[in-house]
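Residue numbers (my numbering): 692 to 1052.
Heads up, the beta-carbon is just placed ideally off N, CA and C, and yes, glycines get one too.
Bear in mind the structure is a predicted one, so any value in this text is a computation, not a measurement.
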Ligand code: FES
């Protein structure tokens, strides 16, 4: 039977369905309670039951002791309500609330979705989960001590596997490794979550996403999160995605945003090709992706923009949207790139122009 749960001190209220743990129900309803392992071992989800009773579930006895239970403490990843509850827990509101971890992971699946793009699915050890905000990234830790940054492309609620979109570059050592030698079951290490590019949910302004190439990855995470929350909270925030690539072959998994457009009337997908080939048989938008936004909007004064991808595109979008379309400076969000000399491969591709040097966060 469903029970009502009230979180203190925020006074947020959600419903737990039969058999759901407090944490499962909170996450399903879009409330980010802190968690780590999700199996009663780490204690990150520990909080207080102020009113009501729970089944404490199976957990590590050292993580939640008998004395703590008597004092009203519970592990919300294991506890299922036996009545309506008032609980005390902090809620994750910003990245400062999320613990950065260094974790091993296993390559679960490699999918070559375009000639130059590989989707890697990573599996964490059974006792671990990664809490992150949609749009954040992880650093893959290489044996030589270097790091490669990749955005997480899955949404936080869908955290069984972590998904990365990797672009191949000539001379990119990690990308080359991914495309030539990496195998399923390989072990990697990473640090994360990192970054400040995430969805700001405290606004109801319509959003324009501008992505180039594999800059689509964090946008996918943000959009899947937004659709998930919308189903629960009924938000009608309008969202449009402009996704720029050079050719049709570079636009990997276009059917996914196409499907979102069919399923969500508050979402529009506008694919843009900068160098469509005769064989692409392309009737859609052409040119630079940020220029397509400029053509479609006389004013961006009432919008938020999230831009991710090639540094040149992000810079041009920032400059032109704020100077020529009235976008308030504080409503432009982008992933911060720096260009590092050498042959490193960075997190995102540049669908517009090939980098002469690697890109790194
Ligand atoms: S999340 Fe680790 S004990 Fe609950």
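Checklist entry - Is the segment 959 to 974 in contact with the segment 992 to 1006, if contact means three or more CB pairs nearer than 8 Å? => result no
Item to check | Unbroken beta strand (DSSP E) run spanning residue 883, endpoints | outcome: Its beta strand (DSSP E) spans residues 878 to 885.
Next on the checklist: Can you give me the C-alpha to C-alpha distance between residue 751 and residue 738, rounded to a whole angstrom?
Outcome noted: Separation of residue 751 and residue 738 (C-alpha to C-alpha, rounded to the nearest whole angstrom) is 15 Å.
Checklist entry - Whole beta strand (DSSP E) runs in the segment 734 to 810 with 3 or more residues, listed along the chain? => result 737 to 742, 764 to 766, 776 to 779, 792 to 805
Next on the checklist: Looking at the secondary structure, which residues open and close the alpha helix (DSSP H) in which residue 853 lies?
Outcome noted: Here residue 853 belongs to no alpha helix (DSSP H); instead the beta strand (DSSP E) covers 853 to 858.
Checklist entry - Skipping 5 residues on each side, what residues in its chain have a beta carbon closer than 7 Å to that of residue 780? => result 698, 724, 738, 767
Item to check | Inside the segment 919 to 957 only - alpha helix (DSSP H) runs reaching at least 4 residues | outcome: Counting only runs of 4 or more, we get 946 to 954.
Checklist entry - Where does residue 696 fall in DSSP's three states? => result strand
Checklist entry - Thinking just about the alpha-carbon of each residue, which of 886, 1023, 812 is nearest to the one in residue 824? => result 886
Item to check | Residue range of the unbroken beta strand (DSSP E) whose run includes residue 995 | outcome: 995 to 999
Checklist entry - According to DSSP, is residue 976 helix, strand or coil? => result DSSP, read as helix, strand or coil, puts residue 976 in strand.
Next on the checklist: Assuming residue 1011 is part of the alpha helix (DSSP H), what are its boundary residues?
Outcome noted: 1002 to 1015
Next on the checklist: If you follow the beta strand (DSSP E) that residue 838 is in, where does it begin and where does it stop?
Outcome noted: 838 to 842
Checklist entry - So, are the CB atoms of residue 897 and residue 994 less than 9 Å apart? => result yes
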